[in-house]
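Since the structure comes first, as structure tokens, the remarks are kept for the end.
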Amino acid sequence: MAGVLPLLQESCRIGAEKTQCPDTMNDSLLSGLPGNTDTTMTDARSNNTFLVYNTSFFDVSQTFIYHQVKALQNMGQVHLLGSQFMNPHGFPMECYTRHEVRKIRGLIGRVTGKFWKRSFFDRQSSSYLHKLFRETGFSMVHAHFGTNALDILPYARRYGVPMVVSFHGADASRMVRMPHYTRRLPALFNYASAIIISGRHMAGTLNLHPWSDKVHHVVYGVQVPEQGSYGKADGTGTVKILHSGRLVPKKGVPDLIRVFGELQSEVGCVELHIAGGGEELPRCRELVDMLNLQTQVIFHGPVSNSRVQELLEQADVFVLNSRTAPDGDMEGTPVTLLEAMAMGKAVVSTRHAGIPDVISHEQNGLLADEYSNTQLKENIKRLLTDSELRHALGKKAGCQIKKLYSVETMTYTLGQIFSGIVTSAGK
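Residue numbering for the sequence shown follows the numbering used here, starting at -6 and increasing by one per position.
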């Protein structure tokens, strides 16, 4: 902990001065959302202090957490609790009080390195947390991911702080195969004031029926550009396909490469751009070499959110070949899919997790069954060869995201949930 304590003392002082973030959503924007007549959020915001807990802020694949933190920022002062503050996207951080802590894992977890076992804050971090909770008087704790919620639960419960837990993916899929994890969830659900899920399917995988009155389905909000780039992305004759996301089994990128290999010989003048890194990157590169696709498949590696936006601008079709991984890992509702739709791109994806919640086949995108390369190929080919269909689906996708899944809509929805909890607690 020697390298962590100075940060605790320097940048995590109790009651440290908070500066104003330059891009805080203003009251007029909140009040302009449909049905917003509740002034609770704006009237009492200066009296609220919130703690947001996640392992890291803000991981390259977790831009949605930043936007959810901003939803709390509109209601009061926000403290961030985590083990890493990497912020690769350069989000404004000066307005948040940061607290860095460390966790240790049980012997089995350290030995296997594969399965989550109960983790603990080390002694110094635990003492710091007790002091933090005692002296700050948080209005609410928002824990991202079920595993993190279980870690912070004892502190919230001991000091009587209302708690919200948000589930995002593996914590509602792969993790539920682990008895040590699922045995502890009922205590979390009993205490939590709200349980937020990013896909409707999570209500089933987490067995949330007994707590249905606490469950809120909130899809991630994304930034909606003023004008989408429907149809052709540039003036070249090459049609560009983009995959953006981690290269892990649940993304199905090797199968996408195989399908692309068949398509490029049939369609011609087509490129596949792959943005992201992960455990399957070496396998994907080997597959590209084996299929002799080195000039048609371009790997961009891990990229920033701004670079993703640039690649989306240049793309004609966005493909996310999601599926349930062999270890049970599943998506929530993929943010990159929503971002592509927001920009008016024609999208191809699968009937997996929360994806059918936002894509209706033939209406605002095309869907294939999980692991069906035949359907995936057919859907991609339709878009490669029909520019009018690309334009029509992309335009409908953009309109839907603007109406239902913008950052503003998500912020308003979360604000209603959070303000209700704080009001009920009498903070």
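Idealized CB from N, CA, C, for every residue including glycine.
Problem - Simplified DSSP state of Ala390, which is helix, strand or coil - result: Of the three classes helix, strand and coil, the one that applies to Ala390 here is helix, per DSSP.
Handout entry: Euclidean distance between Cα positions of Ser191 and Ala346
Key = Going by the C-alpha atoms only, they are around 9 Å apart.
Exercise for the section: Flag this pair as yes or no: are the beta carbons of Ala335 and Gly391 separated by less than 8 Å? Expected result: Cβ distance < 8 Å, so Ala335 and Gly391 count as in contact.
Handout entry: Through-space distance from Tyr152 to Thr42, alpha-carbon basis
Key = Roughly 14 Å between the two C-alpha positions.
Handout entry: Ser191 - DSSP class collapsed to helix/strand/coil
Key = In the three-state reduction of the DSSP assignment, Ser191 falls in the coil class, being assigned neither a helical nor a strand state.
Exercise for the section: Find out if the Cβ-Cβ distance for the pair Val45, Val212 is shorter than 8 Å. Expected result: Contact: no.
Handout entry: Burial state of Thr402, where buried means 16 or more other Cβ atoms lie within 10 Å
Key = With a 10 Å radius around the Cβ and a threshold of 16 neighbouring Cβ atoms, Thr402 comes out buried.
Problem - Assigned secondary structure, Phe160 (DSSP; H/G/I helix, E/B strand, else coil) - result: DSSP, read as helix, strand or coil, puts Phe160 in strand.
Exercise for the section: On a CA-only basis, which of Glu355, Val241, Met283 is nearest Glu371? Give me that one, please. Expected result: Per the Cα distances, Glu355.
Exercise for the section: Drop a sphere of 10 angstroms on the beta-carbon of Asp206, count the other beta-carbons inside from all chains shown, and report buried for 16 or more, exposed for fewer. Expected result: Asp206 comes out exposed.
Exercise for the section: Please classify Arg278: does DSSP put it in a helix, a strand, or coil? Expected result: When DSSP states are grouped into helix, strand and coil, Arg278 belongs to the helix group.
Exercise for the section: Let me know the secondary structure DSSP gives Val341 once reduced to three states. Expected result: It is a strand residue.
Handout entry: Bridge partner(s) assigned by DSSP for Ala268
Key = Paired residue(s): Ser237, Gly294.
Exercise for the section: Would you decide whether Gly83 is buried or exposed? Buried here means 16 or more other CB atoms lie within 10 Å of its CB. Expected result: Burial call: exposed.
Problem - Residue ranges of each alpha helix (DSSP H) within the stretch 359 to 407, 4 or longer - result: Qualifying alpha helix (DSSP H) stretches, in chain order: 366 to 378, 380 to 397.
Handout entry: Three-way DSSP call (helix, strand, coil) for Ile97 in this model
Key = Residue state, collapsed to three classes: strand.
Problem - contact_flag[the stretch 160 to 177, the stretch 67 to 85] where n(CB pairs < 8 Å) is 3 or more - result: Result no; under three Cβ-Cβ pairs closer than 8 Å.
Exercise for the section: Output yes or no for whether 8 Å exceeds the beta carbon distance between Gly245 and Arg316. Expected result: Taking the C-beta atoms as reference points, Arg316 is found nearer than 8 Å to Gly245.
Handout entry: Member of His92, Thr56, Ser365 whose CA lies at the smallest distance from the CA of Leu249
Key = When each option's Cα is compared against that of Leu249, the closest is Ser365.
Exercise for the section: Would you kindly report the start and end of the unbroken beta strand (DSSP E) that includes Phe311? Expected result: First-last of the beta strand (DSSP E) with Phe311: 310 to 312.
Practice task
Run through the stretch 134 to 180 for me and flag every whole alpha helix (DSSP H) of 4 or more residues, listed as ranges in chain order.
Solution key: As far as the stretch 134 to 180 is concerned, its whole alpha helix (DSSP H) runs of at least 4 residues are 139 to 151, 172 to 175.
Practice task
Could you check which residue in Leu73, Asn80, Val62, Gly162 has the C-alpha nearest to that of Asp52?
Solution key: Residue Asn80 is the option with its Cα nearest to Asp52.
Exercise for the section: Taking 8 Å as the cut-off, decide whether the C-beta atoms of Ala64 and Thr404 are in contact. Expected result: By the CB criterion at 8 Å, Ala64 and Thr404 fall inside the cutoff.
Handout entry: Per-residue DSSP class, three states only, for Gln77
Key = Three-state DSSP puts Gln77 in a strand.
Practice task
Specify the secondary structure class of Phe84 as computed by DSSP and reduced to three states.
Solution key: Phe84 sits in coil when the DSSP states are folded into three classes, being neither helix nor strand.
Practice task
Identify every residue that forms a DSSP beta bridge with Thr42.
Solution key: Answer is Gln70, bridged to Thr42.
Problem - Proximity to Pro203 [Cα-Cα], best of Val400, Gln216, Ala185 - result: The option with the nearest alpha carbon to Pro203 is Ala185.
Practice task
Can you give me the start and stop residues for the alpha helix (DSSP H) that Val208 sits inside?
Solution key: Premise fails: Val208 lies in the beta strand (DSSP E), 208 to 210, not in any alpha helix (DSSP H).
Handout entry: Counted within 10 angstroms of its Cβ, other Cβ atoms place Gln55 as buried (16 or more) or exposed
Key = Burial call: buried.
Practice task
Rank Arg95, Asp309, Gly270 by C-alpha distance to the C-alpha of His384 and give the top, closest one.
Solution key: Comparing alpha-carbon positions, the option among Arg95, Asp309, Gly270 lying closest to His384 turns out to be Asp309.
Handout entry: Local Cβ density within 10 Å of Leu397, reported as buried at 16 or more and exposed below that
Key = Exposed, by the Cβ-count rule.
Practice task
Sort His72, Gly271, Val94, Ile373 by Cα distance to Glu87 and report the nearest one.
Solution key: Among His72, Gly271, Val94, Ile373, the Cα nearest to that of Glu87 is on His72.
Problem - Distance between Arg251 and Phe411 (C-alpha atoms, nearest Å) - result: A straight line joining the alpha-carbon of Phe411 with that of Arg251 spans about 45 Å.
Exercise for the section: Quick one: give me the first and last residue of the alpha helix (DSSP H) that Ser258 is part of. Expected result: Element bounds for Ser258: 246 to 260.
Exercise for the section: Measure the C-alpha to C-alpha separation of Ala196 and Val208 and round it to an integer number of angstroms. Expected result: Taking the straight line from one Cα to the other gives about 8 Å.
Problem - Selection from Leu143, Ile373, Leu386 that minimises the alpha carbon distance to Thr175 - result: Among Leu143, Ile373, Leu386, the Cα nearest to that of Thr175 belongs to Leu143.
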